[in-house]
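> For the sequence shown, numbering that gives the first Met the number 0 gives the first residue as 0, with consecutive numbering after it.
Where a beta carbon is used, it is the ideal one built from N, C-alpha and C, also for glycine.
On a predicted model such as this, the values are computed, not experimentally measured, just so you know.
I have a structure here, written as structure tokens, and I will follow up with some questions on it.
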Amino acid sequence: MEMPTPNAEILARKERVVSRLMEVLPADAVIHDERETRAYECDALTAYRCPPMVAVLPSTTREVSAVLRICHQEGVPVVPRGSGTSLAGGALPTADSVILGIARMNDVIETDYENRVIRVQTGRTNLSVTGAVEEEGFFYAPDPSSQLACAIAGNIAMNSGGAHCLKYGVTTNNLMGVTMVMMDGEVVEIGGAHLDAGGLDLLGLICGSEGQLGVVTEATLRILPKPEGARPVLMGFDDNEVAGACVSDIIKAGVLPVAIEFMDRPCIEATEAFAKAGYPMCEALLIVEVEGSEAEIDHQLGLIMQIARRHNPVELRESKSAEESAKIWLGRKSAFGAMGQINDYMCLDGTIPVSSLPMVLRRIGEMSEEFGLKVGNVFHAGDGNMHPLILFDANKPGDLELCEEFGAEILKLCVEAGGCLTGEHGVGIEKRDLMHVQYAPEDLEAQMAVKDVFDPGWLLNPAKVFPLDASDARRQVAIAAE
């Protein structure tokens, strides 16, 4: 499909904005050629694409502040972008927007092992934070599947988790402070390298705000001493519901594994073909990992395997070496890439109470039959963070729309079960028009009132999070008030 030709007014505005941006950034940090801006037309939710007007790549907080000040004065929307790994369209631009990418902001600013904190620029990738401290025996706990590529900025925006969030929590539990630039260019410090900040918990407000309130350029993160040891056990079951019941029983027993991961047959088959991790060909597979001293590990795994045996597993395999542990995790870490090799898919992340796992898995299976689309389930079972992968054919007319309809029904099911629309991927554009399923009008109004305070012009990350008609109305009110 050919892009419409911009009119003279739009071209003149772009020329003026580019000229001003060139005054505060190096020439190679302002990307305005139409062919080059296409590199920023989407994130990992590739079903939707729109090249931005301009993309900028600042290297410092000062440069970010200068960019935002110019965009604020020009009334230009700004879309913050980390590494572009968002699965919810969180970094999707609009045609009149400036993409503000922080990929060049990847320095370690300060490391304090005595107080167990590290301060980094937020363009630094998740895994490289651990890489900066592991020689001293420390690590950064949140570990999204995309941790090799995803940026700390995006982790903060979406409050990302990962396989080990059951024990260590998600980003908000490991974030201590931020440097944030407001839409008008003002730089603010929130929280810091201490246990708790005085006054209102603004840090809790920022984490998970999806770039709606400001651009986070630096972050103070909690680092932890590496555990003495860790060991997983692999369990195979003949039924999804039985596996779900086993997860529920482990949690009810008061055992706290560091991770409980779930995969069903479609995912098992795909990952075996892709990674050859040696998984059993069964209906459902659990990976349960514990950590601590050898005595602690033996005790915890003994209890967990005792619970598993009550559910008649077809396979129960405890790792005996670091090599076996790596192989058990290999398939799980490869699952998303493996599924992508066999078909297009849409990945959801509704969250449910652990006790509802058996019922929700059964209903997803029934809905799969009703919609005629296959589903692969792979998720963080310990905290009920579902990741159904709905398979569809992007080249088949109507398949994407059917997939979206199916996905909406799964997310509604999660809310009905007592859960919520998103666990770690965020709302973005994917779930914005489902927000009314979880929130009453007055709840949404309260959330939008917060954005009014931080971004009264509604210029930051437009068309995300809030139902489109509501955010458009808010933007029109802001324009009329100018």
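#1: Within 10 angstroms of its Cβ, does Leu212 collect 16 or more other Cβ (buried), or is it exposed?
#2: Going residue by residue through the segment 451-480, where are the continuous alpha helix (DSSP H) segments of at least 4 residues, counting only ones entirely within it?
#3: Hey, quick one: how far does the alpha helix (DSSP H) through Ile222 stretch, first residue to last?
#4: Could you tell me whether the Cβ atoms of Ile363 and Ile409 are closer together than 9 angstroms?
#5: Among residues of its own chain, excluding the 5 on either side of Gly235, which ones have a beta-carbon nearer than 7 angstroms to its beta-carbon?
#6: Please state the DSSP three-state secondary structure of Gln146.
#7: Output needed for His483: all residues of its chain with C-beta closer than 8 angstroms, excluding positions within five of it in sequence on either side, in chain order.
#8: How many whole angstroms separate the CB atoms of Thr60 and Val177, which I take to be in contact at a CB cut-off of 8 angstroms?
#9: How would you call Glu423, buried or exposed, if buried means at least 16 neighbouring beta carbons within 10 angstroms?
#10: Does any residue of chain C have a CB that is nearer than 9 angstroms to the CB of Arg19?
#11: Could you name each continuous beta strand (DSSP E) segment of 3 residues or more that falls completely within the segment 340-413, going from the start of the chain to the end?
#12: Tell me the residue span of the beta strand (DSSP E) that contains Met179.
#13: By the 10 Å Cβ neighbour count, where 16 or more other Cβ atoms means buried, how is Leu10 classified, buried or exposed?
#14: On the three-state DSSP scale, how would you describe Cys245?
#15: Are the beta-carbon atoms of Tyr39 and Pro57 separated by less than 9 angstroms?
#16: Where do the ends of the beta strand (DSSP E) carrying Pro79 lie?
#17: Measure the alpha-carbon distance for Met2 versus Gly330 and round it to whole angstroms.
#18: Between the Cα of Glu415 and the Cα atoms of Leu174, Met262, Thr350 and Asn342, which residue gives the shortest distance?
#19: Fully enclosed by the segment 238-312, which beta strand (DSSP E) runs are 3 residues long or longer?
#20: From the DSSP secondary-structure annotation, give me the bridge partner or partners of Asp27.
#21: In its own chain, which residues sit with a C-beta less than 8 angstroms from the C-beta of Glu404, not counting the 5 before and 5 after it?
#22: Assuming Leu99 is part of the beta strand (DSSP E), what are its boundary residues?
#23: Using only CA atoms, which one of Val16, Met358, Ile259 and Pro224 lies nearest to Val132?
#24: Using the beta-carbon count (16 or more within 10 Å), is Gln305 buried or exposed?
#25: Note down the Cα distance separating Pro357 from Gly383, rounded to an integer number of angstroms.
#26: Less than 9 angstroms separating the beta-carbons of Asn376 and Leu388?
#27: Quick check: Leu255 and Leu220, are their CB atoms within less than 9 angstroms of each other?
#28: State buried or exposed for Asn114, treating a residue as buried only when at least 16 other CB atoms are found within 10 Å of its CB.
#29: Is the CB-CB distance between Val359 and Met338 below 9 angstroms?
#30: Taking C-beta to C-beta, are Val75 and Arg12 nearer than 9 angstroms?
#31: For Thr45, is the classification buried or exposed, using 16 other Cβ atoms within 10 angstroms of its Cβ as the cut-off for buried?
#32: How long is the line joining the alpha carbons of Val452 and Val55, rounded to whole angstroms?
#33: Along the beta strand (DSSP E) that carries Gln211, what are the first and last residues, could you check?
#34: When we look at the beta-carbon of Gln120 and count the other beta-carbons within 10 Å, is it buried (16 or more) or exposed?
#35: Report yes if the C-beta distance between Met157 and Gly89 is below 9 angstroms; otherwise report no.
#36: Could you check the C-alpha separation between Cys419 and Ala7 for me, to the nearest Å?
In terms of the structure at hand:
#1: Within the sequence shown, numbered from 1, the residue matching residue 212 stands at position 213. With 16 or more Cβ atoms within 10 Å of its Cβ, Leu212 is classed as buried.
#2: List check, alpha helix (DSSP H) in window: 467-480.
#3: If you number the sequence shown from 1, residue 222 lands on position 223. Careful: Ile222 lies outside any alpha helix (DSSP H) and carries neither H nor E.
#4: Mapped onto the sequence shown, residue 363 falls at position 364. Mapped onto the sequence shown, residue 409 falls at position 410. For the 9 angstroms CB-CB criterion, Ile363 and Ile409 form a contact.
#5: As a first step, residue 235 is located in the sequence shown; it is residue number 236 there, counting from the start. Excluding the 5 residues flanking it on each side, Gly235 has same chain C-beta neighbours closer than 7 angstroms at Pro279, Cys281, Leu284, Pro312, Val313 and Glu314, in chain order.
#6: Your numbering for residue 146 matches position 147 in the sequence shown. It is coil, neither helix nor strand.
#7: Here the chain covers residues 0 to 481 and nothing more, so residue 483 does not appear.
#8: The count along the sequence shown starts at 1 and reaches residue 60 at position 61. The count along the sequence shown starts at 1 and reaches residue 177 at position 178. Thr60 to Val177, Cβ: 11 angstroms. No contact.
#9: Looking up residue 423 in the sequence shown gives position 424. Buried: at least 16 other Cβ atoms inside 10 Å.
#10: Of the protein chains in the structure, only one exists, and it is not chain C.
#11: 343-346, 374-379 and 387-391, all fully within the segment 340-413.
#12: Here residue 179 refers to the residue found at position 180 of the sequence shown. Going by DSSP, Met179 is part of the beta strand (DSSP E) stretching over Leu174 to Val180.
#13: Position 11 of the sequence shown holds residue 10. Exposed.
#14: As a working note, residue 245 is residue 246 in the sequence shown. In this structure, Cys245 counts as helix in the three-state DSSP scheme.
#15: Within the sequence shown, the letter at position 40 stands for residue 39. Within the sequence shown, the letter at position 58 stands for residue 57. Going by C-beta atoms, Tyr39 is not nearer than 9 angstroms to Pro57.
#16: What you label residue 79 is simply residue 80 of the sequence shown in a count that begins at 1. Start and end: Val77 to Arg80.
#17: The sequence position of residue 2 within the sequence shown is 3, counting from 1. The sequence position of residue 330 within the sequence shown is 331, counting from 1. Since pLDDT at Met2 reaches only 44, below the 50 mark, its modelled position is unreliable, and the value read off the structure follows with that caveat. If you take the alpha carbons of Met2 and Gly330, they lie about 41 angstroms apart.
#18: The residue you call residue 415 lines up with position 416 of the sequence shown. If we check each option's Cα against that of Glu415, Thr350 comes out closest.
#19: Segments of the beta strand (DSSP E) lying fully in the segment 238-312: 258-263 and 283-290.
#20: Position 28 of the sequence shown, counted from the start, is the residue given in the question as residue 27. Looking at the DSSP output, Asp27 shares a beta bridge with no other residue.
#21: Numbered from its first residue, the sequence shown carries residue 404 at position 405. Phe370.
#22: Taking the sequence shown and counting its residues from 1, the one referred to as residue 99 is at position 100. Start and end: Val97 to Gly100.
#23: For the purposes of this step, residue 132 is taken as residue 133 along the sequence shown, with counting starting at 1. The option with the nearest alpha carbon to Val132 is Pro224.
#24: Position 306 of the sequence shown, counted from the first residue, corresponds to residue 305. Around the CB of Gln305, fewer than 16 other CB atoms lie within 10 Å, so the residue is classed as exposed.
#25: Here residue 357 refers to the residue found at position 358 when the sequence shown is read from its first residue. Here residue 383 refers to the residue found at position 384 when the sequence shown is read from its first residue. So the alpha carbons of these two residues sit roughly 11 angstroms apart.
#26: As a working note, residue 376 is residue 377 in the sequence shown. As a working note, residue 388 is residue 389 in the sequence shown. Yes. Within cutoff.
#27: Translated into positions along the sequence shown, residue 255 becomes position 256. Translated into positions along the sequence shown, residue 220 becomes position 221. Contact annotation: Leu255 and Leu220 have beta-carbon atoms that are not nearer than 9 angstroms.
#28: To locate residue 114, count along the sequence shown from 1; it is residue 115. Exposed is the label assigned to Asn114, since fewer than 16 other Cβ atoms lie within 10 Å of its Cβ.
#29: As a working mapping, residue 359 is identified with position 360 in the sequence shown. As a working mapping, residue 338 is identified with position 339 in the sequence shown. The Cβ atoms of Val359 and Met338 lie no closer than 9 angstroms to each other.
#30: Taking the sequence shown and counting its residues from 1, one reaches residue 75 at position 76. Taking the sequence shown and counting its residues from 1, one reaches residue 12 at position 13. Yes, the Cβ-Cβ distance between Val75 and Arg12 is below 9 angstroms.
#31: For this step, residue 45 is matched to residue 46 along the sequence shown. Answer is exposed; the Cβ neighbour count stays below 16.
#32: Counted from its first residue, the sequence shown places residue 452 at position 453. Counted from its first residue, the sequence shown places residue 55 at position 56. Their backbone Cα atoms lie some 26 angstroms apart in a straight line.
#33: Numbered from 1 along the sequence shown, position 212 holds the residue referred to as residue 211. No beta strand (DSSP E) contains Gln211, which DSSP labels as neither H nor E.
#34: Taking the first residue of the sequence shown as position 1, residue 120 is located at position 121. Burial of Gln120 is indicated by the presence of at least 16 other C-beta atoms within 10 angstroms of its C-beta.
#35: Residue 157 sits at position 158 when you count from the first residue of the sequence shown. Residue 89 sits at position 90 when you count from the first residue of the sequence shown. A distance below 9 angstroms separates the beta carbons of Met157 and Gly89.
#36: Sequence index remark: in the sequence shown, residue 419 carries index 420 (1-based). Sequence index remark: in the sequence shown, residue 7 carries index 8 (1-based). The alpha-carbon atoms of Cys419 and Ala7 are separated by roughly 45 angstroms.
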